[in-house]
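Whatever position you read off the sequence shown (first residue = 1), add 38 for our numbering. Where is the CB? At the ideal position from N, CA and C, for every residue including glycine. Here the structure is a predicted model, which is why all the values come from computation and not from measurement.
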Amino acid sequence: MKIYQIDSSARKEGSTSRALAKKLLDKIKKPGDEIIYRDLDDEMLFVSGLTESGMKIDKKVQTEAHKKMFELSDKLVNELKESDIIIISAPIYNYGPPATLKAWSDLAARVGETFKFKADGRREGLLKNKEAYLVITSGGTKLNSSEDFLTPWLKFILNFFGIEKVEIISADQMALNYEKSVKNAENQIENLFKD
Ligand SMILES: Cc1cc2nc3c(=O)[nH]c(=O)nc-3n(C[C@H](O)[C@H](O)[C@H](O)COP(=O)(O)O)c2cc1C
Numbered sequence: 039m040k041i042y043q044i045d046s047s048a049r050k051e052g053s054t055s056r057a058l059a060k061k062l063l064d065k066i067k068k069p070g071d072e073i074i075y076r077d078l079d080d081e082m083l084f085v086s087g088l089t090e091s092g093m094k095i096d097k098k099v100q101t102e103a104h105k106k107m108f109e110l111s112d113k114l115v116n117e118l119k120e121s122d123i124i125i126i127s128a129p130i131y132n133y134g135p136p137a138t139l140k141a142w143s144d145l146a147a148r149v150g151e152t153f154k155f156k157a158d159g160r161r162e163g164l165l166k167n168k169e170a171y172l173v174i175t176s177g178g179t180k181l182n183s184s185e186d187f188l189t190p191w192l193k194f195i196l197n198f199f200g201i202e203k204v205e206i207i208s209a210d211q212m213a214l215n216y217e218k219s220v221k222n223a224e225n226q227i228e229n230l231f232k233d
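Below you can see the structure in the form of structure tokens.
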């Protein structure tokens with residue numbers, strides 16, 4: 039099995055979402071599994087400089103910046119395509135995803151690779167038979183409340199890519215009671231694999 043772990047906290051040290059995702063990975067991985075790791079805080083680009091409405095630019099007119107963007111986009115798409123299990127850790131930033139995670143989704147959404155248009159114009163996800171685990175943390179925002187635009191959005195994006203099995207582990211409202219919130223998330227991780 040290939041497990042793809044994506045961290046997005048802007049904090050490398052002392053990040054709870056990263057630590058919980060690591061715990062989850064240790065729980066999921068079996069001998070022989072391959073781990074693909076991506077830290078969105080290390081390398082990210084925004085989709086920019088497009089010349090038409092879709093996410094494409096004719097190779098002949100691509101600038102160096104365009105080339106870099108497509109190179110990273112291709113890498114992210116391939117990482118997703120070759121994975122069986124995807125773990126994404128994400129803190130809520132200003133009620134939504136970290137900007138790096140939004141940028142990741144913009145680069146990962148590619149026609150003919152992660153989704154396609156059907157004859158009736160509707161979209162269909164192309165990443166089948168994969169499962170995802172989301173590790174969401176927050177300071178004060180309650181998970182899935184009307185202020186949480188991260189969790190429903192991220193679930194929707196993964197569904198859009200065709201990934202329908204999405205489990206959520208959360209340490210929300212950590213500012214209210216850090217220990218309780220983290221313990222709760224650790225219990226959620228334990229319970230996922232209890233049989
Ligand atoms: C730029 C920024 C914006 C934040 N916005 C929110 C927010 O809207 N709601 C919330 O509950 N917490 C917010 N927080 C707190 C983080 O969600 C919380 O500290 C985070 O989940 C910690 O994750 P980490 O330990 O993995 O970095 C924000 C933190 C930062 C740095």
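- In this structure, Arg76 has its beta carbon at no less than 7 Å from each heavy atom of ligand 1.
- Relative to ligand 1, Ser183 has its C-beta separated by 7 Å or more from all heavy atoms.
- Assignment of alpha helix (DSSP H) within the stretch 201–230, counting only whole runs of 4 or more residues, yields 216–230 in chain order.
- Ile125: member of the beta strand (DSSP E) spanning 123–129, first to last residue.
- Three or more pairs of CB atoms, one per stretch, sit closer than 8 Å, so the stretch 70–86 contacts the stretch 132–152.
- Within the model, the alpha-carbon separation for Tyr133 versus Asp210 is close to 12 Å.
- In summary, Phe199 is buried, with 16 or more beta-carbon neighbours lying within 10 Å of its beta-carbon over all protein chains present.
- Straight across, the Cα-Cα distance linking Glu120 with Glu217 is about 36 Å.
- Annotated three-state conformation of Arg56 is helix, per DSSP.
- Fewer than three beta-carbon pairs drawn from the stretch 104–121 and the stretch 56–68 are found closer than 8 Å, and the two stretches are therefore not classed as touching.
- Scanning its chain for C-beta atoms nearer than 7 Å, with the 5 sequence neighbours on each side dropped, one finds around Leu88 the residues Ile95, in chain order.
- Here Leu165 is buried. Its C-beta has 16 or more other C-beta atoms within 10 Å.
- If you check the C-beta of Thr138 against ligand 1, you find no heavy atom less than 7 Å away.
- The residue among Ile124, Thr101, Ser47 with its C-alpha nearest the C-alpha of Asp71 is Ile124.
- Counting only beta-carbon distances shorter than 5 Å to the non-hydrogen atoms of ligand 1, the qualifying residues in chain order are Ser47, Arg49, Ser53, Thr54, Ser55, Pro129, Ile130, Tyr131, Asn132, Tyr133, Thr175, Ser176, Gly177, Gly178, Thr179.
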